[in-house]
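Notes to accompany the following structure.
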Amino acid sequence: MLQKIKKPILQALNKEKTSTVPLWLMRQAGRHLPEYREVRSSTNNFLDFCYNPELASKVTLQPVSRYGVDAAILFSDILVIPHALGQNVSFVPGSGPVLEPITNINEIKKLNIKDINVKLSNIYKTVSTVKKAINNNFKTTALIGFAGSPWTVATYVIEGGSSKDYMNTKRWSYSSPKEFSLLIDILVDATVEYLNQQIEHGVEVIQLFDSWAGVLSESQFTNWVIKPTKIIIDTVRKEHPNIPIIGFPRGAGILYKNFVTETGVDCISIDP
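Note that this note's numbering numbers the sequence shown so that position 155 is 1273, with each residue one more than the last.
Below, the structure is given as structure tokens:
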């Protein structure tokens, strides 16, 4: 009988002792890697880069090859979800992501979850490609998949890109919580489907990034960060009860404790 290969990061996430401290790079591919910059220069369109299984799998594995880290994280972007839902998304060099902002309930209702797996199919191919390479060449390395959390993705959907104060998003969530909840619910459903497909194609850990969680008051943090995250985790675990889940409510401060105790995450990322 073949002995199961131990992966340090999975051992740690399962609360097992490890012989070494598992390491991985949260920004798995980046500007500091010359080999990444070389691949990135081969395409002008960032979304095309994310949707190209050959290129995305190559850069996913680059830090593993160079540093021998204990996990690879899927190369993609949190904004593939609104793009798959039908929102216009582009990445402008020097400016970052630019979206056609959603400004009313009718535009929210136009978001279409029905075909997202077709639109995201190349990302699932990337997962399968990376998993095959890991199984063949990096047997103790785990594969981490991820998605943006609904609140953070909603800020991009409404603001049309990055923002200094997220005023349009906060105003909508305060003035019309029922309308805003519809957007959050759509993003929750899309995220669940996206993560389930990543798991089914080979990821062994998932992480939820809530990059702008720290801009909310405690009550809003509960409504738009904790509650949607818990729904995602509970729903994913109905299909995949043993999948380890990492949460990252960046900037949450004293609300980190609430997040950990109320969402069901196995592990927490802490910002500097």
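Beta carbons are placed, not taken as given, at the ideal position from N, Cα and C, and that holds for glycine.
Measuring CB to CB, does T1287 end up less than 7 Å from I1276? Indexing the sequence shown from 1 puts residue 1287 at position 169. Indexing the sequence shown from 1 puts residue 1276 at position 158. Cβ atoms of T1287 and I1276: closer than 7 Å.
Just mark S1213 as buried or exposed, buried being the case when its beta carbon has 16 or more other beta carbons within 10 Å. Reading the sequence shown from its first residue, position 95 is the one you call residue 1213. S1213 is exposed by the Cβ-count criterion.
Taking the alpha carbon of R1368 as the reference point, which residue from F1193, K1122, N1132 and M1144 has its own alpha carbon closest? By 1-based counting over the sequence shown, the position of residue 1368 is 250. Of the listed residues, the one whose Cα sits closest to R1368 is M1144.
E1218 classed as buried or exposed, judged by whether at least 16 other C-beta atoms fall within 10 angstroms: To locate residue 1218, count along the sequence shown from 1; it is residue 100. The Cβ neighbour count for E1218, taken over all protein chains shown within 10 Å, is under 16; the residue is labelled exposed.
Pull the bridge partners of F1264 from the DSSP assignment, please. Walking along the sequence shown from the start, residue 1264 turns up at place 146. Partner(s): Q1325.
Per-residue burial, P1215 [other beta carbons within 10 Å of its own, 16 or more giving buried]: Working through the sequence shown from its first residue, we reach residue 1215 at position 97. Under this definition P1215 is a buried residue.
Need the endpoints of the alpha helix (DSSP H) that P1152 sits in, please. On the sequence shown, position 34 is the one that residue 1152 refers to. It spans P1152 to R1158 - the alpha helix (DSSP H) in which P1152 sits, taken as one unbroken run.
Where L1128 falls, given that 16 or more other Cβ within 10 Å makes a residue buried: Your numbering for residue 1128 matches position 10 in the sequence shown. So L1128 counts as buried.
Between K1122 and the rest of its own chain, which residues show a CB-CB distance below 8 Å, the 5 nearest in sequence each way excluded? Taking the first residue of the sequence shown as position 1, residue 1122 is located at position 4. No residues qualify anywhere along the chain.
Excluding the 5 residues preceding and the 5 following L1173 in the sequence, name in chain order all residues of the same chain whose CB lies nearer than 8 Å to its CB. To locate residue 1173, count along the sequence shown from 1; it is residue 55. The answer, listed in chain order, is V1157, S1160, T1161 and F1167.
So the candidates are I1364, F1209, V1210 and I1223; which of them puts its Cα closest to the Cα of I1302? Indexing the sequence shown from 1 puts residue 1302 at position 184. Among I1364, F1209, V1210 and I1223, the Cα nearest to that of I1302 is on I1223.
Around the C-beta of H1150, are 16 or more other C-beta atoms found within 10 angstroms, so that it is buried, or is it exposed? Your numbering for residue 1150 matches position 32 in the sequence shown. Exposed, since its Cβ has fewer than 16 Cβ neighbours within 10 Å.
Same chain only: Cβ atoms within 6 Å of A1202, ignoring 5 sequence neighbours per side: Start at 1 with the first residue of the sequence shown, and residue 1202 comes out as number 84. So the qualifying residues of the chain are I1234, K1237 and L1238.
Here's the rule: buried if 16 or more other CB atoms are within 10 angstroms of the residue's CB, otherwise exposed. What is W1346? As a first step, residue 1346 must be located in the sequence shown, where it is residue number 228. Sequence check: residue 1346 is Pro here, not Trp. By the neighbour-count rule (16 or more Cβ atoms within 10 Å), P1346 is buried.
Measure the C-alpha to C-alpha separation of T1270 and P1200 and round it to an integer number of angstroms. Within the sequence shown, the letter at position 152 stands for residue 1270. Within the sequence shown, the letter at position 82 stands for residue 1200. In a straight line, the C-alpha of T1270 is about 11 Å away from that of P1200.
Give the straight-line distance between the Cα atoms of T1178 and Y1154, rounded to the nearest whole angstrom. Here the question's residue 1178 lines up with position 60 in the sequence shown. Here the question's residue 1154 lines up with position 36 in the sequence shown. If I take the Cα positions, the gap works out to 9 Å.
Output the boundary residues of the beta strand (DSSP E) element that contains V1210. Locating residue 1210 in the sequence shown gives position 92, where the first residue counts as 1. Run containing V1210: V1207 to V1210, per the beta strand (DSSP E) assignment.
For the 8 Å Cβ check, are there 3 or more pairs between the segment 1277-1297 and the segment 1326-1346? yes
What span of residues does the alpha helix (DSSP H) with V1306 cover, start to end? The residue you call residue 1306 lines up with position 188 of the sequence shown. Where V1306 is concerned, the enclosing alpha helix (DSSP H) stretches over P1295 to H1319.
Spatial neighbours of S1280 within its chain, please: C-beta separation below 6 Å, excluding the five flanking residues on both sides. One-based indexing of the sequence shown puts residue 1280 at position 162. Cβ within range, chain order: G1214.
Proximity to S1208 [Cα-Cα], best of V1343, G1186 and F1164: The residue you call residue 1208 lines up with position 90 of the sequence shown. The shortest Cα separation from S1208 among V1343, G1186 and F1164 belongs to F1164.
Tell me where the alpha helix (DSSP H) around F1366 begins and ends. Here residue 1366 refers to the residue found at position 248 when the sequence shown is read from its first residue. Segment I1363 to P1367 is the beta strand (DSSP E) holding F1366; no alpha helix (DSSP H) there.
The alpha helix (DSSP H) enclosing V1236, as first and last residue numbers: For this step, residue 1236 is matched to residue 118 along the sequence shown. Taken as a continuous stretch (DSSP letters only), the alpha helix (DSSP H) holding V1236 covers I1234 to K1237.
Along the chain, where does the beta strand (DSSP E) containing A1189 start, and where does it finish? Along the sequence shown, read from residue 1 onward, the residue named residue 1189 stands at position 71. Where A1189 is concerned, the enclosing beta strand (DSSP E) stretches over A1189 to I1191.
Please say whether G1204 and N1230 have beta carbons closer to each other than 7 Å? Numbered from its first residue, the sequence shown carries residue 1230 at position 112. Numbered from its first residue, the sequence shown carries residue 1204 at position 86. In contact: N1230 and G1204 (Cβ atoms closer than 7 Å).
Whose CA, out of S1293, I1372, N1132 and I1350, lies closest to the CA of A1265? As a first step, residue 1265 is located in the sequence shown; it is residue number 147 there, counting from the start. The shortest Cα separation from A1265 among S1293, I1372, N1132 and I1350 belongs to I1350.
Please report the distance separating the alpha-carbon of N1314 from that of G1263. The residue given as residue 1314 occupies position 196 in the sequence shown. The residue given as residue 1263 occupies position 145 in the sequence shown. If I take the Cα positions, the gap works out to 10 Å.
Which of the three DSSP states, helix, strand or coil, is assigned to L1141? Sequence index remark: in the sequence shown, residue 1141 carries index 23 (1-based). Of the three classes helix, strand and coil, the one that applies to L1141 here is coil, per DSSP.
Endpoints, alpha helix (DSSP H) assigned at V1177: Position 59 of the sequence shown, counted from the start, is the residue given in the question as residue 1177. First-last of the alpha helix (DSSP H) with V1177: P1171 to Y1185.
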